Every structure is written in C-alpha cells, then in structure tokens.
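**Q**
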Amino acid sequence: MKMRRSIYTLLLIFAMSALLAGCQSTPIVETVVVTQIVNVESEPQTIVITPTSEPQKESDTIVIGGLGPLSAPGNYEAGTEMLQASEMAVREINEAGGILGKQVELIFGDTEGLPERAAAVTERLITQNEVVGLSGEYHSGQGLVEYEIAHNYGIPIVFAEVWADAVTASQYPEVFRIAPTMEYYSTISANYMVEAGWKSMVFIAEDTDYGHLQTEEWTRQLAGHGVTDVQTIFADAATEDFTPILQRIQQKPPDLLGIALTGVGTGRILRQACDLGLAPTAQTAVYAADAQYPEYWENTGACGNYAVFTYVGLPKSLWNERTRAFMENFQETYQHQPGGHAMEAYDAIYVLLNAIEKAGTTEPAAVINALEVLEYEGVLGKIWFEYGSHNALPEGEKAWLWHQWPTPNVFILQYTEENQSVEDAAVVYPPERSTGPVYTSP
Amino acid sequence: MDYFLALTVTGLVMGIIYALMALGLTLIFSILKIVNFAHGEFYMLGGYFTYYLVNHFTGLHPLIAVPIAGLGVALIGLFFELGFIRPIHLDKIERPGEYAILVTIGLSFFLMNIGLAIFGPYPHRPPSFFDAPVKLGFISISADRLTAGVLSVLLLLTLLILINKTWLGKALRAVSQDKQAAAIIGINHLRMNTLGFALGTGLAGLAGALLAPSFGVTPDVGAQPSIRSYVIIVLGGMGSIPGSIIGGIIIGLVESLGAGYFPDPSRGLNYKTAFGLIIFALVLLLRPRGLFGRKEL
Amino acid sequence: MKITQHLRVPKPWIIGVLALCAALVLPLFIKSYWLHVIIVAYLYAILASSWSFLAGYAGQFSFGHMAFMAIGAYTSGLLGKYIALPPLLDILAGTLAAGLAGFVIGYLVLRFKAAYLALFTIAFSEILRMVLKGETQITDGDHGLKVVKLFGETISRLPYYYTILAVLGVVLVLLFALSSSRIGMFLRAIREDEEAAYARGVDIVHYKILAFVITSMMAGLSGSFYAHYIGLITPSMMVLPQMGLVIAMAIIGGVENLAAAAIGGILIQISLEVLRELGAWRLVFFGALLVVTLRFARNGLLAPLFQHLFAFGPRAEGRKETLVDGD
C-alpha cells in the first residue's frame with residue numbers, strides 16, 4: 001500500500017520534472033560555442049545556457065575558464081554581462097578560425113559572490129575541466145581567493161574587474177590584471193572630489209571586502225588632501241530601507257553622500273535620500289560607485305539625476321572602432337547596453353587568447369611570457385603590462401604595478417538629464433577629457 | 001527633537017504597513033490555527049504582480065494595479081489552501097501540527113525559487129504612485145510611502161469593519177473561536193478556512209504591492225518582511241487583531257529609532273532587523289502570549 | 001534472502017556492510033571534483049539524519065540546525081584565528097560549543113509548542129547570522145574567515161573523504177543505537193503524546209534536552225569539519241534557505257527513518273549537482289517534491305521503499321504492517 005503510494009508519487013514527480021525541464025528560461029547562446037555553467041554546491045539560480053552535450057575532451061579544443069557572479073548574493077547582473085561579453089569574444093574568435101587552429105571552449109563558473117564558492121569553482125575549472133587559462137571576476141572578495149588558487153596550480157589568470165591591490169601586489173607570475181587597482185582608482189576619484197570642492201563626506205558602503213577597502217582608501221587619500229571630515233557607514237548590500245540611517249545623516253548634511261554599494265542598493269539609497277530631501281541637492285551631492293546598470297533609471301526615477309559615478313572603460317566620446325563594433329554587437333545580441341565591466345571581460349578574453357596564439361602553445365609558462373610582452377588594441381584602448389619579469393619593477397614603485405595595465409581608463413561621469421544613457425552622460429574628470437563643468441548642481 | 005520626530009514618522013508609516021501584512025498572518029493563525037511560513041513569499045508575489053501588470057498594460061496607473069495584484073495573490077493562496085491545507089481539516093493528515101508547519105515551509109521554499117526561476121535575478125521597480133517627496137513641516141517623506149501608509153490605514157479599517165460588522169466577519173470569528181460550535185450553527189468551516197487563508201495571503205500581497213515602488217522587487221524581497229511578521233504577531237499575541245496592529249507599529253518604531261540612535265552609526269543599519277528579533281525572543285521566553293494574546297500557547 | 005536466513009544475520013546489516021564497501025572503494029572510480037560533491041553530500045547526510053532524529057523521533061521541529069553547524073564552524077575558525085590550536089582540537093571545541101548551545105536552546109524551548117519552537121529557533125538562527133555578519137572585525141563576515149585545513153598542504157581529497165565517511169558512519173550508528181534504545185522509545189512517546197508520557201514517568205525535560213544536545217553536537221561537528229575542509233567560511237552557510245534544504249532532504253528521504261534521511265540528503269545533493277543545467281529550476285523541482293511528498297507520502301519517498309525492500313529501519317522491526325496514514 002505504502003509502496004504503491006511512493007511509486008505513484010515518484011512517477012508524478014518525474015512527470016513534473018520533465019514538464020519543468022521543458023519550461024526553462026530561454027537559452028541565450030547559440031550552439032557554436034559550447035558553454036557550461038558550473039555550479040558548486042547547491043545554491044540558487046544559474047543562467048541557463050544551451051547544453052547540447054558534454055564537452056568533448058579532445059585535444060583539438062582550447063579550454064579556458066571564466067569566473068564571475070551569476071547568482072545571489074553576488075552581483076549577478078554584472079556577472080551575467082561579463083559572461084555574455086566573454087562568450088561573444090569566444091564566439092568571434094572561433095568564427096575567425098579559433099586559436100592555433102583549434103576552436104576555443106569557454107567554461108564559465110558561477111562564483112555566486114561567495115569566497116568559498118569562488119575557491120571551489122576555480123579549483124574545479126583547473127582540476128576537472130583542465131582549463132589552460134582563466135579570466136574575468138567582478139568581486140574583489142572572490143579575486144582575493146582565486147588568485148591564490150591560480151598561483152598554486154600555475155595557471156595564468158587575467159582579472160577583468162577586481163580592484164583589490166593585493167592581487168597583483170603579490171607579484172605572482174600567473175596573475176595579470178587589466179582593471180584599475182583600488183589605489184589607482186581611489187586616487188583619481190579622491191582628486192576629483194577635492195576638485196569639486198567638497199569638504200565633508202559620508203560614505204555608505206557595502207559590508208564586503210570592496211566596501212571596506214574602498215572607504216579606507218578614500219579616507220586615507222582625502223586626508224592626504226586635507227579633507228578629514230569623512231564618515232563611513234556599512235550596510236548589508238541587500239538592505240531595503242536605508243531611511244533611518246539617511247535621516248541620521250540628514251542631521252548634519254555633508255557636502256557629499258558617497259555610495260559604495262554595487263547593484264540594487266545604489267538605486268534604493270538614491271531614491272530614499274532624494275525622497276528625504278537629503279541628496280542630490282544644492283548642498284549635498286551624490287557619488288555612486290555603480291550607477292550604470294540597465295535598471296538604474298527604472299529604480300531611481302527622477303532621483304537618479306545629477307548623480308556622479310565611476311565609469312571604467314571608454315566613454316562614447318572616446319570610442320575607437322573596436323569599441324563601437326562591440327557596443328553595437330552586444331546591444332544587438334543581448335538587447336541591452338553593456339557596462340564597463342562587460343568591456344573589461346571582453347578584452348580580458350582577447351588578451352588571454354591572443355597571448356596563447358602568440359606563445360604558440362597552451363603551456364602556462366609560455367603563455368605567461370607572451371602575456372608579459374603583449375600589446376593589444378582592445379575596446380578599452382591599448383592594453384599592455386608594463387612591469388613583470390620582462391621589465392623589473394623599480395624600487396619605490398607601487399607593488400601592484402606588477403602585471404598591471406598601468407593606464408586603465410577611469411572616468412568620472414555625471415548624469416545631467418533624467419533617463420540619460422551612460423553614453424550621453426557628461427564626463428567630468430579627468431579634466432583633460434571632460435565634456436562639461438566639474439559638477440552640475442541640481 | 002526634529003530628528004526624533006522624523007524617525008518617529010518614518011517608523012509609524014512603516015509600522016502601519018507592517019501591521020497590514022502581520023494582520024494577514026494573524027488571521028490565518030486565528031482561523032486555521034497554523035502559522036503561514038510562506039507569508040513573505042506572498043508579499044514578494046504581490047510586488048511582482050504589480051510590476052508586471054503595469055509593464056504589460058501600459059497606461060495602467062500603479063494604484064489600480066495594487067488591488068488586482070492583491071487579488072491575484074489571494075487566488076494563489078486559495079488554491080494552495082484547497083490542495084494542501086484543507087486535507088488537514090478533513091482528517092486526512094497524520095500529525096497535522098507538524099504537517100502544517102512543514103507544508104508552508106515547503107511552499108515558501110518552492111515559491112522563492114520559482115520566483116527566481118521565472119522572474120530572473122534583476123531588480124525591478126514599478127513606477128511610483130506619485131513622484132514627489134512630501135514635506136510636512138520639516139519632515140520629508142516620499143509620496144510613495146505616504147500613499148502606502150494611508151492606503152494601509154484604509155485597508156485596515158475596511159478589514160476591521162469586515163470582521164466586526166458583517167456576517168462574513170462574524171462567521172470567520174466564530175470559526176476561529178470554536179470550529180465545532182460554528183459548524184453546529186451551520187457555518188461551513190472549511191469554506192471559512194479557505195476564505196481566511198486567501199484573505200491572509202491577499203493582505204501580504206497587498207503589502208508587497210504597496211511597497212514595491214518604494215523598495216523595488218527581487219525574488220528574495222520577502223525574506224525580511226516574513227520574519228518581521230512573525231515578530232509582530234508574537235509580540236502582539238498570535239491571533240489577536242489589535243495585537244498585530246499595535247505590534248506592527250511598535251516594531252516599525254523600534255526599527256526606525258533603533259537604527260537611528262544605535263551608538264555606532266556605522267553598524268546601526270546592520271542590526272535593524274536584529275532589534276525586532278531580540279524583542280521576539282524575549283517575548284517568547286517571558287510572555288509568550290504577547291501583548292493581547294490568549295493565555296494558551 | 002535465503003542466505004540471510006541461513007546466516008541469521010539481519011538484512012539491514014548486510015545492506016549496511018555492502019553500502020560501506022561501496023563507499024570505501026568509490027574514490028577509485030570517480031574524479032576529484034565529484035569526490036568533493038560526495039564529501040559535501042555526506043555533510044548534508046549528517047545534517048539531514050540528525051535533524052530527522054530531532055524532529056522525527058523527538059518531535060522537535062527546530063530551525064536552528066544550521067545555526068549549530070555555524071557555531072561549530074565559527075568556534076573552530078575563531079579558535080584557529082586567535083589561538084592557533086591544532087585542527088583536531090578546534091573540531092572538538094566546535095562540537096562541544098554546539099552541544100552547549102543545543103543545551104541552552106533545548107532548555108529554552110522546553111515549554112514551546114511546535115509553531116513557537118519553529119519561530120524561536122528561526123529567530124535564534126537569524127540573530128546569530130546577523131551577528132556573525134556584522135562583527136566583521138572578529139569574524140571577517142562575508143569576506144570569509146580563513147581556517148587551517150585539516151590535512152594541511154595535501155591537495156588530495158582522499159583523507160577528507162574517508163574522514164567524513166567515518167564521521168557519517170559513527171553518526172548513523174549512534175543515531176540508530178539511540179533510536180532502538182530506551183531513549184528512542186521515550187522520545188517517541190514524548191512525540192506521540194507528551195502528557196501521557198509524562199504521566200507514565202518519562203522525564204520529559206531530560207530527554208528533550210538530550211535530543212537537542214546530541215543532534216546539535218552532530219551539526220556542530222559537521223560544521224567544524226566543513227570549516228577545516230573548505231578553508232573559508234562565511235555566514236551564508238546558515239541562511240534560512242539552507243535550513244529549508246536540509247528539511248527537504250529529511251522529509252523527502254523520510255523523517256522517521258534515519259538511514260532514509262541520510263540517503264535522501266546524499267541523493268538530493270548529488271541530484272542538485274547533476275541537474276545544474278536546469279539552473280534555478282532545480283530547487284523549484286525539489287520544493288515541489290517536498291510539498292507533494294508531505295501531502296501524499298508523509299513518511300518520505302525513500303523510507304517506504306527501504307522498509308518494503310529490505311525490512312529496513314527500526315519502525316519495520318517486528319512490524320511488517322506500518323500503521324500510519326490510514327488510506
């Protein structure tokens with residue numbers, strides 16, 4: 001009796017599962033590139049990529065690994081864009097004949113924004129999928145775990161959007177980075193803040209590596225400029241209601257309200273601060289580290305205007321041919337406008353694969369040498385790695401300049417109109433590139 | 001003083017909205033005698049329905065979408081009750097107490113993940129009800145929140161009238177007091193259960209719809225409100241309607257003032273929900289029946 | 001069947017030994033990464049079976065299980081960070097700390113009926129999580145607390161595999177022994193009808209707390225092991241959806257059948273990995289499975305199978321007809 005019940009239930013379940021499997025969200029990628037999403041240990045959602053078949057372990061594909069957050073609590077929006085950009089890069093390269101005459105296979109691992117997942121995924125990619133190189137990653141916290149593992153296994157890794165100084169400051173041979181470092185970026189942004197004339201700041205930062213490192217750097221750099229009225233408040237990135245803390249800040253409104261939160265939190269703070277009449281106002285400006293995600297205006301409404309924000313990449317006025325082509329193709333393929341991190345992911349893949357091509361082999365040591373002397377004209381501009389074993393880092397220079405693209409483009413932009421696209425936003429810093437006044441007040 | 005008042009107003013407004021959602025939970029407990037552990041997910045669904053309604057029917061003012069969303073959520077609650085909770089009262093379930101807990105936990109697990117699967121991870125926000133901050137003297141509050149607060153008050157009043165003055169309300173109360181006696185005088189307690197559950201989840205959906213323009217919607221947006229609702233009904237007394245209203249206001253105030261006055265501003269925000277939880281644990285330990293609850297647990 | 005009759009060895013033992021042999025040689029046949037999946041699966045099996053004992057035998061539907069696991073993990077981790085004890089002592093300390101917490105919580109919830117117990121343990125779990133997350137100076141919060149690995153520099157997973165297999169074995173044997181003993185009987189009595197049990201002289205307080213302490217120590221042990229295996233722990237290990245997953249495993253396997261719960265845990269964990277292409281739908285599927293199982297197959301999906309095929313499990317002992325769920 002019980003037995004029959006169980007069997008019926010099991011059959012029902014199998015039927016349901018077949019049904020559910022049929023209702024998956026629409027596949028995103030064509031079958032030219034066989035891509036898998038690697039999920040380690042049970043945690044929610046991954047983006048579904050058409051799995052046509054298990055990847056063949058033949059020696060006539062070159063397998064590389066991608067890393068990034070594709071599910072909560074990571075910033076899965078950014079991660080998904082990086083995935084898409086990476087896939088686009090691989091697809092283009094394959095269509096042009098591949099690398100060393102072989103097709104490239106990208107296996108993108110979902111690091112979920114959790115350090116232990118990042119560790120497990122990286123190890124899996126290296127030991128299980130036997131990737132010959134890694135690229136990507138969005139969160140500093142993950143990068144800080146991944147670079148150690150890449151180093152342990154001797155696999156080259158090109159970081160696309162990890163800012164923590166320590167990663168290249170380690171001076172490991174395997175580690176390369178095309179993103180700005182925290183210190184590099186903070187110098188620029190702190191300089192800008194001083195230029196804009198702001199004397200008192202309150203930063204709301206996410207309670208992560210990035211949030212802590214960022215606010216520490218800003219505090220330090222601003223102090224160097226003589227600006228010491230700086231306060232930092234930490235919050236969980238998933239907080240819904242910031243109002244009490246904003247009201248607290250409103251007691252003594254600062255010149256600048258800085259937001260060092262990635263993802264949806266930025267929109268919430270902007271709306272809630274604006275609703276309270278705290279910022280942006282003539283007295284208090286808003287600096288949002290991450291204000292370029294597609295739903296930005298949907299989430300902030302009119303309150304998103306006048307926000308100053310960071311843009312890593314090339315603003316429209318400086319696009320080169322490759323940038324233009326990339327932006328158009330991405331928009332057409334994925335139906336939304338890519339952020340700077342997508343450009344970085346795209347270039348990181350190209351950098352890695354070009355190095356393999358130039359090295360003539362996938363053997364790590366050769367690839368690393370090729371990376372060191374590589375010069376690549378990317379959508380971000382001309383990329384090269386100034387210091388390494390090919391060009392020793394001089395005494396007194398910053399340790400993180402090792403295997404670092406020395407001049408990543410960091411721009412400070414400002415929205416001057418509601419619903420403005422990132423491309424049309426005003427460039428306010430660096431001065432030699434600016435397209436408008438240093439700061440437009442509401 | 002200004003600061004204190006500003007925090008208080010925010011706390012009050014949020015408290016009323018919390019109370020609406022908690023009232024739904026209390027109704028379910030009072031009529032069906034179970035705790036709905038999936039309450040937060042119905043809140044989430046209310047928010048998403050609003051978003052999709054406005055998106056799909058361009059020109060539909062979000063305020064009109066709210067009651068429709070609430071109705072939609074109530075329907076889902078209704079069907080779930082019929083399929084999975086009614087059997088308890090038909091004596092088809094062994095150890096009904098445990099089952100009730102587990103089945104709503106299962107529902108919560110299921111709904112949250114189906115939300116993720118269907119809606120995707122991107123944060124969305126339906127357009128504002130009214131797009132301007134409102135200034136009452138020195139206090140600023142968003143029109144969205146104020147609207148949500150005012151509507152919550154209206155809904156609460158409507159509900160109180162429903163429960164106390166209409167026949168339906170009396171029938172619901174009869175079932176909550178004594179199922180068998182109600183059956184004797186001809187009230188179909190099974191139908192009242194279904195109605196109660198639909199009403200309760202509908203309220204959660206309405207709360208979610210009302211707050212969607214303020215906070216946006218993500219698949220896990222219901223997690224915190226869920227816990228908050230438990231806190232409120234325990235504080236107010238499980239099954240007590242005035243309890244959940246007063247409890248809601250208290251928690252709203254506690255969260256607002258707590259985060260506002262926590263000595264270390266850099267961490268005050270982190271612990272906002274923790275304040276409520278600590279109150280919750282203390283109430284359970286020291287005075288389990290809460291402020292207005294009945295004596296038995 | 002005939003063989004066992006001749007040998008006079010109970011069937012369950014044969015099955016158990018066969019399963020053990022299979023588990024022992026498993027690493028020879030699977031790649032390193034899948035070994036990792038199985039190790040984590042064993043961890044879930046410990047959690048699912050110990051929770052199943054607490055809920056199914058003692059009737060305490062606690063949502064604090066992952067909190068006890070986190071207490072084990074963070075005690076180990078913090079001791080390692082501040083005092084640098086050898087990992088084995090860390091693990092011992094973590095287990096004991098979890099047991100202590102289990103004692104306190106068990107004591108606090110003595111009078112609570114089912115719903116209140118659930119709510120209180122949810123609150124306990126969430127408060128702990130917020131503290132662990134908020135006090136980043138001490139716990140490194142979401143950045144992750146680095147923990148020394150149990151087997152130091154070894155890259156191979158084999159020692160971890162055999163260790164956790166041993167732990168799982170010990171846990172299951174212990175739980176079985178308990179459930180078939182007087183303690184198990186008293187706990188069942190308490191679950192069925194607390195007042196009647198009390199009237200018959202069963203020391204309710206003693207046994208309820210005992211159930212909490214034992215199962216929380218098991219959860220803590222798995223947490224400590226996890227910390228020393230992965231090397232990095234964050235408060236995300238104890239989010240409520242994780243608790244939901246463990247409950248799903250126990251229920252789908254079979255809440256009153258410890259082996260079924262454990263195996264349910266292993267199978268579900270492996271399925272989640274195998275079905276990763278379904279993405280978010282994997283958990284939707286298991287959520288649906290959970291709800292449907294609760295409604296139509298209250299004793300789980302695996303348990304009746306086991307009972308039928310192997311006459312396995314204490315409930316089947318001596319009683320071929322199960323008495324529940326009057327159809």
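Chains as they are written, first to last, in the numbering used here: chain A, 1 to 442; chain B, 1 to 297; chain C, 1 to 327.
Idealized CB from N, CA, C, for every residue including glycine.
As the structure is a prediction and not an experimental result, all values here were calculated from the model.
1. Per DSSP, what kind of secondary structure is aspartate 301 of chain B in: helix, strand or coil?
2. Check whether the stretch 333-346 of chain A and the stretch 84-104 of chain A touch, using three or more Cβ-Cβ pairs below 8 Å as the test.
3. Measuring straight from C-alpha to C-alpha, what distance separates leucine 318 of chain A and glycine 339 of chain A?
4. Residues in the same chain with beta-carbon distance under 6 Å from glutamate 423 of chain A, minus the five sequence neighbours each way, listed in chain order, please.
5. Would you kindly report the start and end of the unbroken alpha helix (DSSP H) that includes valine 150 of chain B?
6. Are the beta-carbon atoms of proline 62 of chain B and proline 123 of chain B separated by less than 7 Å?
7. Over what stretch of residues does the alpha helix (DSSP H) that includes glutamine 447 of chain A continue unbroken?
8. Is it right to say tryptophan 51 of chain C is buried, meaning 16 or more other beta carbons lie within 10 angstroms of its own, or is it exposed?
9. For tyrosine 439 of chain A, which three-state DSSP category applies?
10. Taking all protein chains shown into account, decide if arginine 124 of chain A is buried (16 or more other Cβ within 10 angstroms of its Cβ) or exposed.
11. What does the alpha-carbon distance come out to for the pair valine 217 of chain B and methionine 185 of chain C?
12. Would you kindly work out how many angstroms separate the C-alpha atoms of glycine 56 of chain C and leucine 47 of chain C, rounded to a whole number?
13. By alpha-carbon positions, which one of B:Leu284, B:Phe215, B:Pro288 and B:Ala209 ends up nearest to leucine 20 of chain B?
14. Look at the alpha carbon of alanine 307 of chain A and the alpha carbon of phenylalanine 262 of chain B, and state the distance between them as a whole number of angstroms.
15. Taking C-beta pairs closer than 7 Å, name the residues in chain A that glycine 141 of chain C reaches, listed in chain order.
16. Since glycine 143 of chain A and valine 162 of chain A should fall inside the 8 Å C-beta cutoff, what is the C-beta to C-beta distance between them, to a whole number of angstroms?
17. State the DSSP-derived secondary structure class of threonine 52 of chain A, mapped to helix, strand or coil.
18. Which two residues bound the contiguous alpha helix (DSSP H) that contains arginine 191 of chain B?
19. Between glutamate 298 of chain A and chain B, is there a C-beta pair that is closer than 7 Å?
20. Given 8 Å as the limit, is there contact between the stretch 252-270 of chain C and the stretch 36-44 of chain C, that is, 3 or more CB pairs closer than that?
21. State whether the stretch 34-45 of chain B contacts the stretch 67-77 of chain B, with contact taken as three or more CB pairs (one from each stretch) at a distance under 8 Å.
22. In this structure, what does DSSP give as the bridge partners for aspartate 229 of chain A?
23. If you draw a straight line from the C-alpha of threonine 266 of chain A to the C-alpha of alanine 279 of chain A, how long is it?
24. Under 8 Å: do the stretch 101-115 of chain B and the stretch 181-195 of chain B share three or more Cβ pairs, one atom per stretch?
25. Determine the DSSP secondary structure at threonine 61 of chain A, reduced to helix, strand or coil.
26. If you run the structure through DSSP and keep just helix, strand and coil, what is threonine 8 of chain B?
27. When you compare the CB of proline 133 of chain B with every CB in chain A, is at least one pair closer than 7 Å?
28. With valine 422 of chain A as the anchor, note down where its beta strand (DSSP E) starts and where it stops.
29. If we count the other Cβ atoms within 10 Å of its Cβ and call it buried at 16 or more, is glutamine 221 of chain A buried or exposed?
30. Within the 7 Å Cβ cut-off, does isoleucine 245 of chain A reach chain B?
31. Need the endpoints of the beta strand (DSSP E) that valine 286 of chain A sits in, please.
32. Please report the distance separating the alpha-carbon of glutamine 404 of chain A from that of glutamate 357 of chain A.
33. Rounded to the nearest angstrom, how far is the Cβ of leucine 302 of chain C from that of isoleucine 263 of chain C, given a contact under 8 Å?
34. To the nearest angstrom, how far is the alpha carbon of glutamate 183 of chain A from that of glutamate 217 of chain A?
35. Step through the CB atoms of chain B and report whether any lies within less than 7 Å of the CB of threonine 52 of chain A.
36. Who does glutamate 377 of chain A pair with in a DSSP beta bridge?
**A** By the coordinates alone:
1. Lying before the first or after the last residue shown, residue 301 of chain B is absent from chain B, which here runs from 1 to 297.
2. yes
3. 15 Å
4. Lys316
5. 143-165
6. no
7. Residue 447 of chain A cannot be examined here, being either before or after the span of chain A that is shown, 1 to 442.
8. buried
9. coil
10. buried
11. 49 Å
12. 13 Å
13. B:Ala209
14. 29 Å
15. Asp207
16. 3 Å
17. Any reading at threonine 52 of chain A is ruled out, since the residue's pLDDT is 36, under 50, leaving its predicted position unreliable.
18. 189-215
19. yes
20. yes
21. yes
22. A:Ser200
23. 13 Å
24. no
25. strand
26. helix
27. yes
28. No beta strand (DSSP E) contains valine 422 of chain A, which DSSP labels as neither H nor E.
29. buried
30. yes
31. 285-288
32. 20 Å
33. 6 Å
34. 7 Å
35. Summary for threonine 52 of chain A: the model assigns pLDDT 36, below 50, so the residue's position carries little reliability, and this model does not support an answer.
36. A:Lys382
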